[in-house]
Each structure stands twice: as C-alpha cells, then as structure tokens.
Amino acid sequence: MSLIFSKMHGLGNDFVVLDAISQHVNMTATLAQALADRRFGVGCDQILLIENPSTQDDEFSYRIFNQDGSEVSQCGNGARCFAKYVSEKGLTQSSRISVSTLAGKLELVIEENGLIT
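Structure (structure tokens):
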C-alpha cells in the first residue's frame, strides 16, 4: 500500500497528515501504529486524517489517532496543522474553516498574519 502524506509540526507535537479526500485511506489501529512508529514507520505523536464532511454545515471532517492506534476527540496543535494543510494544499479557499471532529464542530480562522485561531 502506498499513501501520500505530509509531516507537520505544531508547538512541539509532530503529525502525519493524510488527505483521505483525494486518496483512499483505510485507517485502522494497526496502520496508525505502523505510521507513528519512530523506528520503523514515519514517526509522529498523532495522525491527522482529513475526510469529506460528515454534515452539510462543515467543509471537512478530521480524525485524530494516537501512536497506540486509539482515536481521540481533539488536539489543539493538530487543529492548527489541519487548517494550515487544507489551506496550503488548496482544499479550501476560505480563511474560516468549519470542521467536524469527535469533539464536535470546530470553527478555525486563518488570520491575515498567518496565525490560526
């Protein structure tokens, strides 16, 4: 299996970011563990999986997986990396991004100075 991914860092956390909109990603706990493994995989604190929206009100959904393969509801540093990724990769033209997560809906804003709130 071949996956296109990006590696991002945010305030001391590192992430493998997978775009599951433009490629098929069958994320499992085993795959998350393999990707996150620092010795034999890519290595990261968490994996961010970007998906099509689960509701009409959102632009995207995204899921977060820990090194042990468990799925978690939220990560602030991950949310900032997510927003930067979808903006830089041209997946959105908006500076205001609505995204659904396990924790609920997030409204992320990319400020003119590049900061993400």
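Sequential numbering from 0 applies to the sequence shown in numbering that gives the first Met the number 0.
Each residue gets a CB set at the ideal place from its N, CA and C atoms; glycine is no exception.
Query raised in the report: What first and last residue would you give for the beta strand (DSSP E) that runs through F59?
Result: 59-65
Query raised in the report: Is S69 buried or exposed, if buried means 16 or more other CB atoms sit within 10 Å of its CB?
Result: A residue is called buried when at least 16 other Cβ atoms come within 10 angstroms of its Cβ; S69 does not meet this threshold and is exposed.
Query raised in the report: Start and end of the beta strand (DSSP E) containing G103?
Result: 103-108
Query raised in the report: Within 10 angstroms of its Cβ, does A28 collect 16 or more other Cβ (buried), or is it exposed?
Result: exposed
Requested in this report: Helix, strand or coil for S86, going by three-state DSSP, please let me know.
Outcome: helix
Query raised in the report: So what does DSSP say about G9, is it helix, strand or coil?
Result: In this structure, G9 counts as strand in the three-state DSSP scheme.
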